[in-house]
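Peer 1: Note that the protein sequences, when read in sequence, are chains A and V. 250 is the number of the first residue of the first sequence in the numbering used here; add one for each residue after it. 8 is the number of the first residue of the second sequence in the numbering used here; add one for each residue after it. Before we start, here is the structure in question, set down as structure tokens.
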Amino acid sequence: MVTGCKVAKTRVAHYPDALDLTITMIKFLLMVNKQGQTRLSKYYEQVDIEKRPSLETDVVKRCLSRKKEECSFVEYKDFRLVYRQYAALFIVVGISDTENELSIYELVHNFVEVLDKYFSRVSELDIMFNLDKVHIIIDEIIQNGHIVETNKNRILAPLLALDKMAEAH
Amino acid sequence: MTEAKCVTEACIIEASHTCLAASPSGSGLPPSVYVSASENYSIRGHYCNYLPEDHPTVRNKNSSGCHNRKLLAWGLIITMGFVQISKGAMSPSVRLQEMIRVIRGARTQGEERGVIQRECAAIRAQFRQADNGTRSHNLAKLLYVHMLGYPAHFGQMECVRLIASPRYNEKRVGYLGAMMLLDEKQDASLLITNSIKNDLSHSSQYVQSLALCTLGCMGSAEMCRDLAPEIDRLLRASNSYIKKKAALCAVHIVRKVPELGELFTPASRSLLSEKNHGVLHGAVVLITELCERNPETLEQFRKAVPELVQIMKGLVMSGYSPEHNVAGISDPFLQVRILRLLRILGRNNETASDAVNDLLAQVATNTDSSKTAGSAVLYETVLTVMDIKSESGLRVLAVNILGRFLLNNDRNIRYISMTSLQKIVQTDHNAVQRHRGTIVDCLKDQDASVKRRALELSLALVSAVNIRSLMKELLLFLSSCPPELRAHTTSGIFNAAERYAPSQRWHIDTILHVLTTAGGDVRDETVPNLIQLITTATELHCYTVHKLYRALITDISVQSLVQVACWCIGEYGDLLLRGECEETEPVQVAEDDVLDALETVLQSHMSSPATRGFALTATMKLSTRITHNVDRIRSIVSIYGSCIDVELQQRAVEYNALFKKYDHMRAAVLERMPVIDKSSPGHTNGESAGGSIKEMEPTKRTQEVVLPQEPANQVCDLLDLLGGSGEPPQPSPALSTTALGPVSSTAGGDLLDLLGGLDVTPVPPSVIVYEKNGVTLKLQTDRQTDTGMTITLTATNSTDREITSLTLQAAVPKSVQLQMKAPSGDIIPAHGLGQVTQTVLLNNPNKVSLKMRVRVCYTSQDFVCQDTVQIDSFPSPAW
């Protein structure tokens, strides 16, 4: 225990800048419907599991209360929210201050296009009932807060391979 | 549309269930699952309950008379067991989908909670049983429950078990669960380290990918240390699918354990030659992370700038590439990332900046800004241009791009433009100033966020030149501004007016205008500040009081305005009544009118106690400024002698006494207030005050640092005195120094005098910056140039013991460079017989006001003393 403490201390001393470094990343991704029900949540930054529901409610409230003519970026606490609405479904992405909002805005659309391609006109129910598949898709697009792949075919390749496997069984 | 789809789906599932339940013997179910007729009903009843009432199927089935609530819970349990076991015969995901449907059908929160509690109980029970092939389904269900915000911690161990499973499907759910349910604080996360390690070298790339993704998501520092070599190996793999994920996993590892960064540096460099965009993206992110953590790595990667420029050029100039095309832009996501990395590499570095200048110009001119994707790239380009040492032409181009963004139809782009303009308004003020018109127009934007940004930017753009026109716009904005922005606007206007007001009259007018339009949203100190301003503008008293009087009779709801008006009427009532004011149209105001107005304020229910106080005092003051109505004032004042508000009552009683007992003094007591001194306490506005507060801060901090140590030192002093080994009391060491100090210096002077006639450099003046425990630290300035300064610190010791391990440390403001030469020693002999000197070189290129903090550390008689002193002024050098 004590040695662990020591190690941590020396590390801090050795890299003094590491503490106040602003990391450019996606912090979380939420899919919520108009009623504020979470349909999917994915966290890339450590948020206590107990605090997640209240964070989600708060974030969703912020985004849902905005009017149509307002822009899609919200400043929230020490980060920003980028949201986009597709019919009854909102996709909200929490990003750090230094992330490029416009490119995340575009990324959300790219994500929805992939969903559309796979589910052929995706609806809220597709996401509810195929949550694991949506997770596979997200994991192909974003990994620990960064973009991995944006090419639609390559994003869907693992999922299609999986589907083929299931069919063969 | 959505609802309809759901209902049909629900219907199908419903039907399939009914079929199965109705013919239990038909399918290959084990005999134990055969459901009796009554149970069958209860199952149906249960489903019906969770379907919309108006659903045709529901209505039909409800007729079978299953409203029995008692059966409901029972029914659910049966359903679970039933579907659970019938899994083999049906599509495996039905089980989860069924639960989702039931939860979704819940009509109230309570109902939903009930359903979920029962489900969770069942899942728990299943987890406790031996592996029966249903674990992954149960976990999947639990993850759904977790997503809805219900506790699901009891699934953590299940994740660990499933990850170790050889079956891909189970592994997949296990890893998904680990990412959602585990964080590094949980012990369970340590248990998966080994499984991840095995899976990282699995034959299937999809299994490898799962492990990479999970490690990158929730790997703790320990896990990262253990698995870093594996990741490095995967970075060199041939498979690009694995490589891109390994790169991002490495980013997580570096973030958790920064010293592992060096491990990944070589591999990340070689990834830049990759063609696959995913890998390139990962590599760029990894390099960015490495460079931000370690300045040496940053230096190393500056050599990679040409490569990055080449990749970027390929993206910009290649034209249409179907693989990564987004709205006509080739992979904007990768472009954005590369631009960001170039920004980090080019920051404060001429060579790297030069190498990217051309590229940035190319991107800025060749990117189509009509779509979001293009704008994202342009936005990043602008940020890079402004952050590195780019050519001035390029900077102008960048600001113009932002100016163009302001005119864009897309509100997101307008917002981005505002945010970035705000970032650069301090450094490139004039370039931003050129777009003032557009920015001011954005004050009228529909979008509240754009409005807010436009406001902040407009306030930042106010200068002595444009204050009149810009303030007109700001005041106009104030009259129509959303309530949440009002307070911010008013304080911004006040600050700007204070700084740049072209005349006092304009200043007063502006503040009064703000008070009349948004008086409810001003800060409390506005009233005293305005009063102070009015008193100093002596020649405007008459004008101001007339203006305020008119404002008062129009509206008495704005407290701040009423307070100022009352105060002015009280002070300058004579000017108001005289009515000879050239600046406004002459209004003849009668004494009664003024008193009426004040009385209205006193009586109004809108007036706050403070406002009433202002009005009462004003009324009282008027008693020496009017001629006829003194009796009326007397009666008004006496009424408030029994006021319920204690403060007001006290005032009234005092005033009453003034009328009765001390009437001879009344005129003198109620004299006009003298001009309030700007530097008097309580005055909080203005740069000078702000500056001085800032300057005072470090001093305060020093005191705070020093204070706690003082008692200890005093104790030491006492010990020192007592430790005199029983000798008769001697003069304290401190005294002897003061006695000796001047003597020795004059002695030196005498010696110099002896040499008289010779042109000798006089001893440079020095100041004592520290004196404690017999240790004295002197500072002298040896040489001072325009930007540089050489200082010598001399420490002497007047105690009878020697001072050992003396160290001097110095700190200066960030913009000043400091170099400390080696000290002449670290021991000061006792009785002032020697000294330690240390030379300090200061370079002050920005010519900021020079300050230095010196920390003195030494050991005296086995106690360690550490003190910090701040030096704010330096003696001028001898020549």
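Here a beta-carbon is modelled for each residue, glycine too, at the ideal position from N, C-alpha and C.
For a contact meaning CB atoms closer than 8 Å, what does A:LEU409 contact in chain V?
Peer 2: Under the 8 Å cutoff, chain V gives no residues; its nearest Cβ is about 12 Å from A:LEU409.
Peer 1: Strictly below 9 Å CB to CB, what residues from chain V border A:PHE322?
Peer 2: Result: ASN419, TYR422, ILE423, THR426, SER456.
Peer 1: Run through chain A and tell me which residues come within less than 7 Å of V:GLU330, C-beta to C-beta.
Peer 2: Under the 7 Å cutoff, chain A gives ASN400.
Peer 1: Quick check on the burial criterion: 16 or more other C-beta atoms within 10 angstroms. Buried or exposed for A:LEU409?
Peer 2: The residue in question, A:LEU409, is exposed, as its Cβ has fewer than 16 Cβ neighbours within 10 Å.
Peer 1: Is it right to say A:TYR354 is buried, meaning 16 or more other beta carbons lie within 10 angstroms of its own, or is it exposed?
Peer 2: Answer is buried; the Cβ neighbour count reaches 16.
Peer 1: When the cut-off is 9 Å and only beta carbons count, does A:GLN334 lie next to chain V?
Peer 2: A:GLN334 does not count as touching chain V.
Peer 1: Using 8 Å for Cβ pairs, my map puts V:LEU341 next to V:LEU287. What's the rounded Cβ distance?
Peer 2: Going by Cβ atoms, the distance from V:LEU341 to V:LEU287 rounds to 6 Å, so yes, they are a contact pair.
Peer 1: Flag this pair as yes or no: are the beta carbons of V:LEU169 and V:VAL180 separated by less than 9 Å?
Peer 2: Cβ distance < 9 Å, so V:LEU169 and V:VAL180 count as in contact.
Peer 1: Closest to V:VAL529 by C-alpha separation, out of V:GLY499, V:ALA494, V:SER510, V:VAL214, would be which residue?
Peer 2: The candidate whose alpha carbon is nearest that of V:VAL529 is V:ALA494.
Peer 1: Check the Cβ-Cβ distances between V:GLY410 and every residue of chain A, and say whether any is below 9 Å.
Peer 2: Taking Cβ atoms only, chain A never reaches closer than 9 Å to V:GLY410, which makes this a no.
Peer 1: Around the C-beta of A:ASN400, are 16 or more other C-beta atoms found within 10 angstroms, so that it is buried, or is it exposed?
Peer 2: It is buried - the Cβ of A:ASN400 has at least 16 other Cβ atoms within 10 Å.
Peer 1: How long is the line joining the alpha carbons of V:VAL774 and V:PHE308, rounded to whole angstroms?
Peer 2: Between V:VAL774 and V:PHE308, the C-alpha separation is close to 48 Å.
Peer 1: Residues in the stretch 141-159 of chain V with C-beta within 7 Å of chain A's C-beta atoms, listed in sequence order?
Peer 2: From the stretch 141-159 of chain V, only ALA147, TYR151, MET154, LEU155, GLY156 have a Cβ closer than 7 Å to chain A.
Peer 1: Check V:ALA829 in the structure and name its three-state DSSP category.
Peer 2: Looking at V:ALA829 - three-state DSSP - the assignment turns out to be coil, as it is neither helix nor strand.
Peer 1: Could you check the C-alpha separation between V:ASN364 and V:PRO313 for me, to the nearest Å?
Peer 2: C-alpha separation (whole angstroms): 12 Å.
Peer 1: By the 10 Å Cβ neighbour count, where 16 or more other Cβ atoms means buried, how is V:THR497 classified, buried or exposed?
Peer 2: V:THR497 comes out buried.
Peer 1: Does the pairing of the stretch 369-389 of chain A with the stretch 302-321 of chain A give three or more beta-carbon distances under 8 Å?
Peer 2: With the cut-off at 8 Å, the stretch 369-389 of chain A and the stretch 302-321 of chain A do not touch.
Peer 1: Starting from V:ILE107, find everything on chain A with Cβ-Cβ shorter than 8 Å and list it in chain order.
Peer 2: Residues of chain A passing the Cβ test: MET377, PHE378.
Peer 1: Check whether the Cβ of A:LEU351 lies closer than 9 Å to any Cβ atom in chain C.
Peer 2: Checking the listed chains, one finds no chain C in this structure; the protein chains it contains are A and V.
Peer 1: How long is the line joining the alpha carbons of V:CYS650 and V:LYS628, rounded to whole angstroms?
Peer 2: Their Cα atoms are separated by approximately 19 Å.
Peer 1: Is V:THR545 buried or exposed, if buried means 16 or more other CB atoms sit within 10 Å of its CB?
Peer 2: By the neighbour-count rule (16 or more Cβ atoms within 10 Å), V:THR545 is not buried but exposed.
Peer 1: So, with DSSP's three-state summary, where would you put V:SER856?
Peer 2: Note: V:SER856 maps to coil in three-state DSSP.
Peer 1: Can you list the residues of chain V that A:ILE396 reaches, using a CB-CB cut of under 7 Å?
Peer 2: Neighbours of A:ILE396 on chain V, chain order: HIS288, PHE340.
Peer 1: Does V:LEU267 pass the burial test, meaning 16 or more other C-beta atoms within 10 Å, or should it be called exposed?
Peer 2: Buried.
Peer 1: Using a 10 Å radius around the Cβ and a threshold of 16 neighbouring Cβ atoms, would you call V:TYR669 buried or exposed?
Peer 2: With fewer than 16 other Cβ atoms within 10 Å, it is exposed.
Peer 1: Can you give me the Cβ contacts of V:ASP239 inside the same chain, cut-off strictly under 7 Å, excluding the 5 residues immediately before and after it?
Peer 2: Closer than 7 Å at Cβ, skipping near neighbours: LEU270, PHE271, ALA274.
Peer 1: Identify every run of the alpha helix (DSSP H) within the stretch 361-412 of chain V, keeping only runs that are complete inside it and at least 4 residues long; order them along the chain.
Peer 2: DSSP runs (the alpha helix (DSSP H)) wholly in the stretch 361-412 of chain V: 379-394.
Peer 1: Roughly how many angstroms separate the alpha carbons of V:THR875 and V:ALA817, rounded to a whole number?
Peer 2: About 9 Å.
Peer 1: Quick one: what's got a C-beta closer than 7 Å to V:GLY841's C-beta in the same chain, skipping five residues either side?
Peer 2: Hits under 7 Å: ILE835.
Peer 1: From this set, V:THR372, V:LEU352, V:GLU678, which residue's C-alpha is nearest V:LEU297's C-alpha?
Peer 2: Ranking V:THR372, V:LEU352, V:GLU678 by Cα distance to V:LEU297 puts V:LEU352 first.
Peer 1: I'd like to confirm the pairing. Which residues does DSSP put opposite V:VAL871 in its beta bridges?
Peer 2: BP columns for V:VAL871 point to V:THR866.
Peer 1: By the three-class DSSP mapping on this structure, what secondary structure does V:GLY117 have?
Peer 2: Residue state, collapsed to three classes: helix.
Peer 1: Verify the CB distance criterion: does A:LEU289 have a CB-CB separation below 9 Å to chain V?
Peer 2: True, the Cβ-Cβ gap to chain V drops below 9 Å.
Peer 1: Which whole-angstrom value is the C-beta distance of V:THR445 and V:LEU414, which I expect to be below 8 Å?
Peer 2: So it is a contact: roughly 7 Å between Cβ atoms.
Peer 1: Per DSSP, what kind of secondary structure is A:GLU324 in: helix, strand or coil?
Peer 2: Here A:GLU324 sits in strand by DSSP.
Peer 1: For V:THR799, I'd like the list of residues in its chain whose CB is within less than 6 Å of its CB, leaving aside the five on either flank, ordered along the chain.
Peer 2: So the qualifying residues of the chain are GLN787, ASP789, THR844, THR846.
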